Amino acid sequence: GEKVEQHESTLSVREGDSAVINCTYTDTASSYFPWYKQEAGKGLHFVIDIRSNVDRKQSQRLIVLLDKKAKRFSLHITATQPEDSAIYFCAASIGGSNYKLTFGKGTLLTVTP
Amino acid sequence: ETAVFQTPNYHVTQVGNEVSFNCKQTLGHDTMYWYKQDSKKLLKIMFSYNNKQLIVNETVPRRFSPQSSDKAHLNLRIKSVEPEDSAVYLCASSWGYENTLYFGAGTRLSVL
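Protein chains in written order, with the numbering used here: chain H, 3 to 115; chain C, 8 to 119.
As structure tokens, then:
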């Protein structure tokens with residue numbers, strides 16, 4: 003089955019800097035790549051996603067890049083703010099189905115003022 | 008804005024007991040899920056259910072079973088808990104299987 007590796011287990015940046023979280027996947031059939039954020043004691047909250055028909059997507063301060071040849075995707079958070087501090091999970095889905103969604107292990111992002 | 012509600016927030020029990028967790032969504036979604044999040048934050052899907060079918064992850068032990076009264080509710084029952092069942096159980100919902108997941112805050116289970 004699909005395996006998703008999230009390369010940074012922790013990441014610390016200063017407020018205003020950019021943060022980049024990298025993920026790789028194994029199954030070339032994966033076509034949907036969402037990112038979720040989890041704050042302490044809470045459930046996951048959707049932040050942004052990308053599908054395999056594009057290689058870049060932006061939503062305000064969030065940019066997600068997809069390199070299908072390398073089977074790699076990344077989340078870029080620009081102009082970070084302390085409230086961006088959370089655990090970020092990448093995920094990959096074969097065929098775009100949530101049932102076949104495989105999550106990475108999460109990256110704890112800390113933004114220091 | 009919370010729209011997926013889970014109860015209880017926290018439950019402590021002993022090995023061999025039966026437990027049930029509740030989940031209700033007010034988003035009008037037709038698909039609901041249960042995920043297990045272990046102590047290392049790793050997420051694994053356990054079940055997904057819509058008004059047409061229940062899909063069970065084959066790695067889930069038989070002591071776990073989902074229970075649904077309608078498309079807004081999907082409860083989780085564990086017949087005889089084991090120590091390895093200690094985890095956070097997250098409920099989620101979506102429109103169909105191909106849209107964004109909305110998660111509840113989770114139920115933390117501790118098995119003594």
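For glycine and all other residues, C-beta sits at the position ideal for the given N, C-alpha and C. Given the structure is predicted, the values throughout are model-derived calculations rather than measurements.
- Task: Can you give me the Cβ contacts of isoleucine 85 of chain C inside the same chain, cut-off strictly under 7 angstroms, excluding the 5 residues immediately before and after it?
- Result: Glu25, Val26, Arg70, Phe71, Asp92
- Query: When we look at the beta-carbon of alanine 14 of chain H and count the other beta-carbons within 10 Å, is it buried (16 or more) or exposed?
  - Reply: The sequence shown places serine at residue 14 of chain H, rather than the alanine named in the question. That one is exposed.
- Task: Starting from valine 113 of chain H, trace the beta strand (DSSP E) both ways and give me its first and last residue.
- Result: 109-114
- C-alpha gap between asparagine 106 of chain C and glutamine 60 of chain C, whole angstroms: 17 angstroms
- Let me know the secondary structure DSSP gives glutamate 105 of chain C once reduced to three states. coil
- Report, in whole angstroms, the separation of the C-beta atoms of threonine 104 of chain H and glutamate 4 of chain H, which I expect to be a contact under 8 angstroms. 4 angstroms
- Item | Other residues of its chain near lysine 107 of chain H: CB distance less than 6 angstroms, five sequence neighbours each side excluded | Gln8
- Task: Just grab the DSSP bridge partners of threonine 26 of chain H for me.
- Result: H/Glu7, H/Arg74
- Cutoff 9 angstroms: histidine 9 of chain H Cβ touching any chain C Cβ: no
- Query: How many Å lie between tyrosine 17 of chain C and alanine 93 of chain H at the Cα?
  - Reply: 27 angstroms
- Query: For aspartate 86 of chain H, is the classification buried or exposed, using 16 other Cβ atoms within 10 angstroms of its Cβ as the cut-off for buried?
  - Reply: buried
- Task: Buried or exposed for threonine 28 of chain H, please, with buried defined as at least 16 other CB atoms from any protein chain shown within 10 angstroms of its CB.
- Result: exposed
- Query: The beta strand (DSSP E) spanning aspartate 57 of chain H covers which residue range?
  - Reply: Where aspartate 57 of chain H is concerned, there is no enclosing beta strand (DSSP E), given that its DSSP letter is neither H nor E.
- Kindly indicate if chain H contains any beta-carbon less than 9 angstroms away from that of glycine 113 of chain C. yes
- Item | Cross-chain neighbours of serine 93 of chain C in chain H, by beta carbon under 8 angstroms | Those do not exist, as serine 93 of chain C stays about 17 angstroms from chain H at its closest Cβ, beyond 8 angstroms.
- C-beta neighbour in chain H for glutamate 105 of chain C, strict 9 angstroms: yes
- Item | Beta-carbon proximity of tyrosine 38 of chain H to phenylalanine 75 of chain H, cut-off 9 angstroms | no
- Go ahead and pull the three-state DSSP assignment for aspartate 19 of chain H. coil
- Given arginine 53 of chain H, which residues of its chain have a CB within under 8 angstroms of its CB, disregarding the five upstream and five downstream residues? Ser33, Tyr34, Phe35, Gly98
- Query: By a C-beta neighbour count over all protein chains shown, 10 Å radius and 16 as the cutoff for buried, is asparagine 55 of chain H buried or exposed?
  - Reply: exposed
- Item | Minimum Cβ-Cβ distance from serine 76 of chain H to chain C less than 9 angstroms | no
- chain C beta carbons: is any one of them nearer than 9 angstroms to that of leucine 46 of chain H? yes
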